[in-house]
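Report on one structure; see the data block that follows.
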Amino acid sequence: MTNPNPGTELAKERNRAAQERTLMAWIRTSLTLISFGFGIERIVSILNQSLGEIANPIRLSRILGVSFIALGTFSLLAAAVDYRRQLQKIQRNDLLYQSRKSPTLIVAYILAFLGIIAFLGIIIGPIIT
1 MTNPNPGTEL AKERNRAAQE RTLMAWIRTS LTLISFGFGI ERIVSILNQS LGEIANPIRL
61 SRILGVSFIA LGTFSLLAAA VDYRRQLQKI QRNDLLYQSR KSPTLIVAYI LAFLGIIAFL
121 GIIIGPIIT
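The numbers in the UniProt record's numbering rise by one with no breaks, and the one at position 32 of the sequence shown is 32.
Given below as structure tokens:
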């Protein structure tokens with residue numbers, strides 16, 4: 001059995017710490033998305049109680065709120081799975097670069113899609129009522 005190389009072991013520790021910082025960033029982002037979804041749903045619910053159902057005839061805001069909550073939850077789960085996978089690669093010394101789909105880019109595309117839906121809901125909503 002050979003002695004571990006201190007340089008290699010320090011590099012592994014830096015990679016592990018970087019993965020942990022990335023996971024913490026995903027946790028913050030996911031909690032923000034979930035909170036935003038709850039906020040949208042609660043504000044619209046209060047407006048509907050005071051103004052009646054005319055303010056939101058197609059319930060788009062509830063759908064958007066639930067979509068943000070789901071996106072935050074799935075982002076958190078994906079980040080946890082990715083974190084675990086990356087730690088296993090570090091432990092196996094299997095750190096060759098492999099191109100992969102970025103979870104950040106996927107979340108960005110979904111957020112853009114939700115933004116388009118929200119924009120269309122704001123534009124089309126008054127026309128429908």
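We treat Cβ as the ideally placed atom computed from N, Cα and C, and that holds for glycine. In this text the structure is predicted, and so the values were computed from the model without any measurement.
When we look at the beta-carbon of SER30 and count the other beta-carbons within 10 Å, is it buried (16 or more) or exposed? As a first step, residue 30 is located in the sequence shown; it is residue number 30 there, counting from the start. Burial call: buried.
In whole angstroms, what is the alpha-carbon distance linking TYR109 and GLN19? Taking the sequence shown and counting its residues from 1, one reaches residue 109 at position 109. Taking the sequence shown and counting its residues from 1, one reaches residue 19 at position 19. Approximately 23 Å, taken between the alpha carbons.
May I have the straight-line CA-CA distance separating LEU77 from PRO103, to the nearest angstrom? What you label residue 77 is simply residue 77 of the sequence shown in a count that begins at 1. What you label residue 103 is simply residue 103 of the sequence shown in a count that begins at 1. Using only the alpha carbons, I get a separation of about 11 Å.
Using CA atoms only, rank isn't needed, just tell me which of SER35, ASP82, GLN86 and LYS101 is closest to ALA70. In the sequence shown, residue 70 corresponds to position 70, counting from 1. Taking each of SER35, ASP82, GLN86 and LYS101 in turn and checking the Cα distance to ALA70, the smallest one comes out for SER35.
Can you have a look at VAL81 and say buried or exposed, based on whether 16 or more other CB atoms are within 10 angstroms of its CB? Reading the sequence shown from its first residue, position 81 is the one you call residue 81. Exposure of VAL81 is indicated by the presence of fewer than 16 other C-beta atoms within 10 angstroms of its C-beta.
Whole angstroms are fine: how far does the CA of LEU51 sit from the CA of THR22? The sequence position of residue 22 within the sequence shown is 22, counting from 1. The sequence position of residue 51 within the sequence shown is 51, counting from 1. Cα-Cα distance, rounded: 43 Å.
Using the C-alpha atoms, what's the distance from PHE38 back to GLY121? By 1-based counting over the sequence shown, the position of residue 121 is 121. By 1-based counting over the sequence shown, the position of residue 38 is 38. Using only the alpha carbons, I get a separation of about 18 Å.
Cβ of TRP26 within 8 Å of Cβ of ALA79? Your numbering for residue 26 matches position 26 in the sequence shown. Your numbering for residue 79 matches position 79 in the sequence shown. A Cβ-Cβ contact shorter than 8 Å links TRP26 with ALA79.
Ends of the alpha helix (DSSP H) at ASP82? Here residue 82 corresponds to residue number 82 of the sequence shown, with the count starting at 1. Going by DSSP, ASP82 is part of the alpha helix (DSSP H) stretching over 60 to 91.
For VAL15, does the three-state DSSP call read helix, strand or coil? In the sequence shown, the residue the question calls residue 15 occupies position 15. Val is not the amino acid found at residue 15; the sequence shown has Asn there. Of the three classes helix, strand and coil, the one that applies to ASN15 here is helix, per DSSP.
Can LEU114 and LEU60 be called in contact, C-beta distance under 8 Å? Along the sequence shown, read from residue 1 onward, the residue named residue 114 stands at position 114. Along the sequence shown, read from residue 1 onward, the residue named residue 60 stands at position 60. For LEU114 and LEU60, no; Cβs fall outside 8 Å.
Taking 8 Å as the cut-off, decide whether the C-beta atoms of LEU33 and GLY72 are in contact. Here residue 33 corresponds to residue number 33 of the sequence shown, with the count starting at 1. Here residue 72 corresponds to residue number 72 of the sequence shown, with the count starting at 1. Yes, the pair counts as a contact, with Cβ atoms nearer than the cut-off.
Whose C-alpha, out of ARG14, GLN49, TYR83 and ASN15, is nearest the C-alpha of MET24? Here the question's residue 24 lines up with position 24 in the sequence shown. The shortest C-alpha to C-alpha distance from MET24 to any of ARG14, GLN49, TYR83 and ASN15 is the one to TYR83.
Proximal residues to ILE40 (C-beta, below 7 Å), its chain only, five neighbours per side dropped: Walking along the sequence shown from the start, residue 40 turns up at place 40. SER61, LEU64, GLY65 and PHE68, listed in sequence order.
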